[in-house]
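**Student:** Have a look at this one before I ask anything.
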Amino acid sequence: MKKLWLISALSFLLVVLLGVEIISAADYVATDQFFLNCGGPPDSTDPDGRKWTSDIGSKFALSTTKSSTSPAATQKPSVPEVPYMTARIFQSEFTYSFPVAPGRKFVRLYFYPATYNVLNVTFTPSPNTSNSYAFVNGIEVVSHPDIYSTDGTVKVVGQTTGFNIDNGTALENVYRLNVGGNDISPSRDTGLFRSWRDDSSYIYGAANGVTEVPDSNVTVGYPSGSPSYIAPIDVYRTLRSMGPTTAVNQNYNLTWQFNVDTGFSYLVRLHFCEITDVITKVNQRVFIIFMGNQTAEKEADVIAWGGGKNGIPIHKDYVVFVPTGPPQQLLWLALYPNIALKPQYYDAILNGVEIFKVSDPRGNLAGPNPDPLPPVPVDTSPQQSSSSGKNHKAIIGGGVGGGIAAILLLGLCVCVISRRQMQKKDSSTSDGWLPLSLYGNSHSSGSAKTNTTGSYASTLPSNLCRHFSIAEIKAATNNFDESLLLGVGGFGKVYRGEIDSGTKVAIKRGNPLSDQGVHEFQTEIEMLSKLRHRHLVSLIGYCEENSEMILVYDYMAYGTLREHLYKTQKPPLPWKQRLEICIGAARGLHYLHTGAKHTIIHRDVKTTNILLDEKWVAKVSDFGLSKTGPALDHTHVSTVVKGSFGYLDPEYFRRQQLTEKSDVYSYGVVLFEIICARPALNPTLPKEQVSLAEWAQHCHKKGILEQMMDPYLKGKIAPECFKKFAETAVKCVSDVGTDRPSMGDVLWNLEFALQLQESAEESGKGVLGEMDIESYEITSKGGKKDPDSSLGFDGNITDSKSSGMSMSIGGRSLASEDSDGLTPSAVFSQIMNPKGR
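Numbering (my numbering), first residue to last: 1231 to 2067.
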């Protein structure tokens, strides 16, 4: 019987003798499973329902050398009891031995640094530190299918030779991303308990492409004979592409960056699947793949790889060598259209990525310790240590010496799996160390602190809005009854609830396994708790207890504006009601820009962030991306570009300089959506019509803007009202921010347009219909001066005949809300979907 040894030493090496084990099954079932709760009770259960046994008196703990057990002195609200709250303390080398069958093994180690009844010390790999000890909280050993080995044919990027990952090679998983999709928790993996993270925090620069989900008539499924546990089907059901605009795609690379240790080779596995019914043939979408500034693939054609079909999951493996240099450097992954082959679409896609560090010839995987999270001070830098490993043995080592707790998690996936977090630029400050495991961190501690007695104290503004207990939230939602579910997004689920004996609310519950939305969670609370306006959605309160991130809002009975415009079975809105909704939203934005103590820039204005209450009053929602405007002596705020494609201010995109005029541009797109009843982006149309803002401006110049009108509105809009509304929208989407009106000017013109409509209806004058449009044309040059130009616009009137040009309406949108495949419901979009930014 082969055995897997874990020996504590002052180095970090993991080598496991591997056989071959391949099983095709829907979910993988392990032949070997060991769950050891070090220093814990005889039997315990973790949050996922798995049973753990103690190592006290265990036949797996062979060593009789000096060691002890100890409970943790404190427990953070975000830390589960099992297996983190007890530890075995080692004062010398200690051995665990597990009888295992041949095959790859998954080893996951759990660490929760705390005071363990011995010393208050710092974890360091230095063998020279006196009074040192190592500790471990839990050990997990599970059989793993041999799905990452190679036969020597895997491409080494930049070389002509292949690379062999054999039975003696250890792999440390450093990144695993669900590209274009949401986090996938270990319990939702294919029986392998892997954690797939959202990729948005790893994208380089402002150009983060567009996320997509499958078309309704495209079936995504594993080909016959292929193991379905290669990756969850959810990885292949979402993707990130460069976007629908050819001119834009030719001018940038869709790029991700990953911080890695130098001096090692890395196995990079890319997952692909064409999920749209637009891409069905070879050479429709062909692109180049770059890794480490070298070409890895010249002609990536997913349809060709899938045998000429879409909906077929594909994975491709590459090996990249990162030469010795500074302890760590960035590994770049970039995609670019293959223009030379002249494909139908200049675009590129990616569904998922896994990156593994490959052990060196000595079996070594040791790299420098990860930097501790702020604000814990670091007095000394840990020194690197390494040694050799042998088959049958996995060597884990560490020393600890006074001050703070520095954490190193080594877990094997195949042989090693570890979690390494890139810190987001906009992420909130952590209060210290959290437990490391493949489950991911719970981020409620980003805004809460635990004192020395373990008590919980929130730092969020409970004095400005209500702080709900988790018990109150469960009572309001009938313990999160799925029948009350309103929607699901990247942040989590949204439930309809009742508080205070009958008050209806919308309750957004964050996914505790996701780090997505932590900064937005805090920004939303901090912004909305200080703002009160008829046309802003009201935040009632929040819950930040037991690692939960929950927001409670007023219930919006008629949901989002978008779901009343297109892709809906709901009756179309009358024109006057649309105008009143526009005016309400403009009032809310105008208040943000001028009425609050400081200018507030919303940064994500779109039809899914305009909500309608039971009286059809429009309210602006989702302040997770909002920024305080520039000081009086500045003209803009320099910041990383965020927002939703189709609504994003091009000047902000180019210069990364945010002003309130960026909101004005986005709002102009909303105005066009309202009158045209089509998405901001529609890639099913000819390329010049894909962007609503660009096409509307083109039609305005040609004098045929009215032909884009929602057919339901034909014959129902007064010509002068249409003229004023169109002028407003066109001015809002001017390419240069200084040419755009302020929200105050926009509001005035919309109110004037409503007066024009009401006057026309009261006087019995005709409205704009299919037979009288030839007398009405808006152009940018020539004609008579608009008498209302002093109100902020320079409109002009000329006479011409309609060209008869037509445009289809509808189709699939690539705006962030649509791209995540969420069905709108009676809550605002970013409660349902905080992605697509």
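Cβ coordinates follow ideal geometry from the N, Cα and C atoms, glycine included.
I'd like the span of the alpha helix (DSSP H) that includes A1848, first residue to last.
**Tutor:** Unbroken run through A1848 is the beta strand (DSSP E), A1848 to V1850; no alpha helix (DSSP H).
**Student:** Excluding the 5 residues preceding and the 5 following W1282 in the sequence, name in chain order all residues of the same chain whose CB lies nearer than 8 Å to its CB.
**Tutor:** Within the same chain, W1282 has close Cβ partners F1265, L1266, N1267, G1270, D1273, S1274, T1275, D1276, V1312, P1313 and G1368.
**Student:** Roughly how many angstroms lie between the CA atoms of K1806 and A1815, to the nearest whole one?
**Tutor:** Between K1806 and A1815, the C-alpha separation is close to 14 Å.
**Student:** If we count Cβ pairs, one from each stretch, closer than 8 Å, do we get three or more for the segment 1473-1493 versus the segment 1573-1586?
**Tutor:** Cβ pair count under 8 Å is three or more, so yes.
**Student:** Enumerate, from N- to C-terminal direction, the unbroken beta strand (DSSP E) stretches of 3 or more residues contained entirely within the segment 1452-1520.
**Tutor:** The qualifying runs are 1469-1471, 1484-1491 and 1494-1502.
**Student:** For the structure I just gave you, are there three or more beta carbon pairs, one from the segment 1904-1914 and one from the segment 1938-1950, closer than 8 Å?
**Tutor:** Contact holds: three or more Cβ-Cβ distances are below 8 Å.
**Student:** Please report the residue range of the beta strand (DSSP E) in which V1447 lies.
**Tutor:** In the sequence on display, residue 1447 carries Asn and not Val. Counting along the chain, N1447 falls outside any beta strand (DSSP E), and DSSP gives it neither H nor E.
**Student:** To which residues of the same chain is A1526 closer than 6 Å at the C-beta, ignoring the five residues directly before and after it?
**Tutor:** So the qualifying residues of the chain are V1387, I1519 and Y1548.
**Student:** Run the CB neighbour count on H1501, radius 10 Å, all protein chains shown included, and call it buried at 16 or more, exposed below.
**Tutor:** Under this definition H1501 is a buried residue.
**Student:** Check for me: the alpha helix (DSSP H) holding S1896 runs from which residue to which?
**Tutor:** Residues E1890 to C1906.
**Student:** Below 8 Å, can you find three or more Cβ-Cβ pairs linking the segment 1502-1513 to the segment 1528-1538?
**Tutor:** As far as the Cβ criterion goes, the segment 1502-1513 touches the segment 1528-1538, which means the pair count is three or higher.
**Student:** Who are the Cβ neighbours of R1467 in its own chain at under 6 Å, not counting the five residues just before and after it?
**Tutor:** So the qualifying residues of the chain are P1444 and V1450.
**Student:** Would you kindly work out how many angstroms separate the C-alpha atoms of L1580 and V1440, rounded to a whole number?
**Tutor:** Computed Cα separation, rounded: 11 Å.
**Student:** Do G1582 and V1508 have their CB atoms nearer than 7 Å?
**Tutor:** Not in contact: G1582 and V1508 (Cβ atoms no closer than 7 Å).
**Student:** List, from N- to C-terminal side, the alpha helix (DSSP H) runs of 4 residues or more that fit wholly inside the segment 1527-1598.
**Tutor:** Within the segment 1527-1598, the complete alpha helix (DSSP H) runs of at least 4 residues are 1532-1535.
**Student:** Is it right to say V1259 is buried, meaning 16 or more other beta carbons lie within 10 angstroms of its own, or is it exposed?
**Tutor:** V1259 is exposed by the Cβ-count criterion.
**Student:** Kindly list the residues whose CB is nearer than 6 Å to the CB of G1493, restricted to its own chain and excluding five residues on each side of it in sequence; keep chain order.
**Tutor:** Hits under 6 Å: T1554.
**Student:** Tell me whether the beta-carbon of L1986 lies closer than 7 Å to the beta-carbon of E1950.
**Tutor:** Yes, Cβ-Cβ distance for L1986 and E1950 is below 7 Å.
**Student:** Nearest CA to the CA of K1335: which residue from G1392, I1377 and P1301?
**Tutor:** Among G1392, I1377 and P1301, the Cα nearest to that of K1335 is on I1377.
**Student:** Exposed or buried, what is K1917 when buried is set at 16 or more other beta-carbons lying within 10 Å of its beta-carbon?
**Tutor:** Under this definition K1917 is an exposed residue.
**Student:** On the DSSP bridge list, what partners appear for N1408?
**Tutor:** Answer is D1428 and G1582.
**Student:** Hey, G1727 and A1706: beta-carbon distance below 7 Å or not?
**Tutor:** Yes, these two residues count as a Cβ contact at 7 Å.
**Student:** Would you list, in sequence order, the uninterrupted beta strand (DSSP E) runs of no fewer than 3 residues that lie entirely inside the segment 1280-1319?
**Tutor:** The segment 1280-1319 contains these whole beta strand (DSSP E) runs: 1281-1284 and 1297-1301.
**Student:** Using the rule of at least 16 other Cβ atoms within 10 Å of the residue's Cβ for burial, across every protein chain shown, is I1463 buried or exposed?
**Tutor:** Looking at its Cβ environment, which holds fewer than 16 other Cβ atoms inside 10 Å, I1463 is exposed.
**Student:** Our contact map puts I1700 next to N1776 with C-beta atoms below 8 Å; I'd like the distance itself, whole angstroms only.
**Tutor:** About 5 Å; that satisfies the 8 Å criterion.
**Student:** Look at the Cβ atom of I1813, then the Cβ atom of E1981, and state whether they are nearer than 7 Å.
**Tutor:** Yes, these two residues count as a Cβ contact at 7 Å.
**Student:** Return the chain-ordered list of same chain residues with a C-beta closer than 8 Å to the C-beta of Y1432, the five sequence neighbours on each side being excluded.
**Tutor:** The answer, listed in chain order, is Y1405, L1407, W1486, Q1487, F1488 and M1652.
**Student:** Considering only DSSP beta bridges, list what T1858 is partnered with.
**Tutor:** T1858 is bridged to I1830.
**Student:** Provide the residue span of the alpha helix (DSSP H) that contains V1960, from first to last.
**Tutor:** P1949 to C1962 is the extent of the alpha helix (DSSP H) around V1960.
**Student:** Using CA atoms only, rank isn't needed, just tell me which of D1396, H1374, V1371 and S1896 is closest to T1383.
**Tutor:** Nearest C-alpha to T1383: D1396.
**Student:** Quick check on the DSSP output: the beta strand (DSSP E) that includes A1736 runs from which residue to which?
**Tutor:** Run containing A1736: T1733 to G1740, per the beta strand (DSSP E) assignment.
**Student:** Would you mind sorting S2033 into buried or exposed? The rule is 16 or more other CB atoms within 10 Å of its CB.
**Tutor:** The pLDDT assigned to S2033 is 30, lower than 50, so where the model puts this residue is not dependable; a value taken from the coordinates is nonetheless given after this. Classification for S2033: exposed.
**Student:** Where do the ends of the beta strand (DSSP E) carrying N1267 lie?
**Tutor:** Unbroken beta strand (DSSP E) run through N1267: Q1263 to N1267.
**Student:** Can you name the start and end residues of the alpha helix (DSSP H) that F1883 belongs to?
**Tutor:** Start and end: P1880 to R1885.
**Student:** Would you grab the beta carbon distance between D1965 and E1890 for me? Rounded to a whole angstrom, and I think it's under 8 Å.
**Tutor:** D1965 to E1890, Cβ: 17 Å. No contact.
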